[in-house]
Amino acid sequence: MKRFFGFLKKHILECITVILLAITGIVMAVVKNNPFVAEYIFARGIFKILSVPLAFVMGFLPFSLAEYILYGFIIGAIVCIIVFVIKLVKCFFIKEKPVRTALIYILKGVRNVAFTGAILLFVFTMMCGTNYYRYDFEKFCDFEVREYTVDELYELCVFLANKTNESRENVTSIGKDGTVTLNGSFYHVSGDAADAMRKISKKYESIGYIAGRAKPILMSRYMSYTEIVGIYSPFTIEANVNNDVPEYGIPFTMCHELSHLCGYMKEEEANYIAYLACVNSDSPEFNYSGYATAYIYASNKLYREDYELFCKVDETISDDVWKDFYAEIEYWEKFEETELGETIGDVSDSINDSYLEFNGQEEGTKSYGMIVDLLLADFLSKK
3 MKRFFGFLKK
13 HILECITVIL
23 LAITGIVMAV
33 VKNNPFVAEY
43 IFARGIFKIL
53 SVPLAFVMGF
63 LPFSLAEYIL
73 YGFIIGAIVC
83 IIVFVIKLVK
93 CFFIKEKPVR
103 TALIYILKGV
113 RNVAFTGAIL
123 LFVFTMMCGT
133 NYYRYDFEKF
143 CDFEVREYTV
153 DELYELCVFL
163 ANKTNESREN
173 VTSIGKDGTV
183 TLNGSFYHVS
193 GDAADAMRKI
203 SKKYESIGYI
213 AGRAKPILMS
223 RYMSYTEIVG
233 IYSPFTIEAN
243 VNNDVPEYGI
253 PFTMCHELSH
263 LCGYMKEEEA
273 NYIAYLACVN
283 SDSPEFNYSG
293 YATAYIYASN
303 KLYREDYELF
313 CKVDETISDD
323 VWKDFYAEIE
333 YWEKFEETEL
343 GETIGDVSDS
353 INDSYLEFNG
363 QEEGTKSYGM
373 IVDLLLADFL
383 SKK
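When you read off a place in the sequence shown, starting at 1, and then add 2, the result is the number in this note's numbering.
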């Protein structure tokens, strides 16, 4: 027994690493084949118990803690690598068994990296990974997704185009260039986003309690080179938003990231929940953001299916709406037209695509556009 405890004491990091990896593997194996467990044991159980208190506390911080932790992690990693290399080189200047000493030092480095990785993977799994395998949001809605005709898609686009035009007329926060701006500070609007999510959570109980709020990214301008407008941090339970982009789309992005914070990780579902939150909000800016973003997704789909019908519905979009659309096109062109922006954008898209596929979304980044299926099901169920 003394030998056993002596072994544990000597190899405590290795033991913890193995235990965490084993638990992570078992949990993922279970939820991948059992959406009931993923839904009621993890998404509505363990995840909520752990995330709600942390999100509540994080909500008091007006900045993204995850962003600062990331910068600290990068700096710390660089320092550790430099120190590791220096000490490794010194090993070869030892007179007795330099190779053996260097090998032991390398193994300790690998152990430390594995230990850190196991902790991060475990936290990611409990606060994010299991939620990819919960029941589809469709299960809790009054419709069922099926295959649709081009004519039905066209009807949806006409509906969204009309709603986009109507909601744009109700917006009062207009900038000097004629484009929509946020109706108040980012912090104020993030509160509106949380309120919008709380409102629809009364109808869709699977969304649950909304404890946090969206946070602005300090380095948003540089984030745009990655073509990312928002990111959820499972380590700090924060919904982080790029606030450098054209402002008409920010309310939708806020609600999208808050959907992740509520436990819905699939992109098409987060998009649809964001749409519901925006169009049911009491804020005209949120209504417009929801309808305009949904129209873009649906019309892009129609463009690929029937170009003539696309042109027909696109001609109905008002000049005021086009001001926002053109501003967005011009904004992203500034990053895409540079060699740096193109390279970073391609790498970012590849990483994001791999991440989504790894977590069970076989469509990868294409899953963002699958919101159209949910929009169609919703629209046709109300006809």
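Where a beta carbon is used, it is the ideal one built from N, C-alpha and C, also for glycine.
Only a predicted model underlies this, so the values are computations on that prediction, with no experimental measurement involved.
Reference residue i, options the options, closest by Cα
i    : options                   : result
L63  : E335, E259 and R215       : R215
M199 : V182, G180 and Y277       : Y277
N114 : V125, R102, C93 and I83   : I83
V191 : G265, K336 and L260       : L260
Y134 : S169, Y266 and F327       : Y266
P218 : D197, S208, E229 and V247 : V247
I373 : E269, S203 and C257       : E269
M129 : S53, I77 and T228         : S53
Y234 : L15, S66 and I18          : S66
Y328 : D194, E307, V32 and G251  : G251
D194 : S283, N167 and T127       : S283
C143 : L90, P100, Y107 and K205  : K205
F337 : K384, S226 and E330       : S226
T132 : A241, V243, E335 and I28  : I28
I386 : D197, L90, P100 and K201  : For the chain, the structure presents residues 3 to 385; residue 386 sits outside this window and is missing.
E249 : A241, K201 and E330       : E330
Y189 : W334, A241 and Y150       : A241
E335 : A31, K384, G119 and E229  : E229
Same chain only: Cβ atoms within 6 Å of residue i, ignoring 5 sequence neighbours per side
i    : result
E271 : F139
N185 : S175 and E287
A116 : T19
I121 : none
V152 : E307 and D308
F44  : T132
Residues that residue i bridges to, as DSSP identifies them
i    : result
A241 : A216 and Y234
V33  : The partner list for V33 (beta bridge, DSSP) is empty, contrary to what the question assumes.
V39  : In DSSP, V39 forms no bridge with anything.
A20  : Residue identity check: residue 20 is Val in the sequence provided, not Ala. DSSP, once it has assigned bridges, lists no residue as partnering V20.
I176 : V182
Range of the contiguous alpha helix (DSSP H) that encloses residue i
i    : result
S66  : Where S66 is concerned, there is no enclosing alpha helix (DSSP H), given that its DSSP letter is neither H nor E.
Y309 : Y309 to D316
P253 : I252 to L263
T118 : P100 to M129
F58  : F49 to M60
S222 : S222 to M225
V147 : It is not in any alpha helix (DSSP H) - V147 carries neither H nor E in the DSSP assignment.
N273 : E269 to V281
S192 : F188 to S203
K336 : D321 to E338
L377 : I373 to S383
Classification of residue i by the beta-carbon crowding that lies within 10 angstroms, buried from 16 upward
i    : result
V315 : buried
F381 : buried
N36  : exposed
C313 : exposed
V231 : buried
T318 : exposed
P236 : buried
I76  : exposed
R223 : exposed
M256 : buried
E146 : exposed
M60  : buried
L105 : exposed
E69  : buried
Same chain only: Cβ atoms within 7 Å of residue i, ignoring 5 sequence neighbours per side
i    : result
F254 : A276, C280, S291, G292 and T295
V173 : V182, P286, E287 and Y290
G177 : T183
G210 : R46, K50, S203, C264 and G265
K368 : Its pLDDT being 38, under 50, K368 is placed unreliably in this model, and the value from its coordinates should be taken loosely. Cβ neighbours of K368 beyond the five flanking positions: none.
K34  : Y135
E16  : R113
Proximal residues to residue i (C-beta, below 8 Å), its chain only, five neighbours per side dropped
i    : result
E41  : R136, Y137 and S208
L377 : L158, L162, Y274, Y277, A296, Y299 and A300
R148 : A379
Y305 : F312
G180 : D322 and K325
I71  : F237 and T238
F58  : A213 and G214
I14  : none
V125 : P236 and F237
M221 : E69
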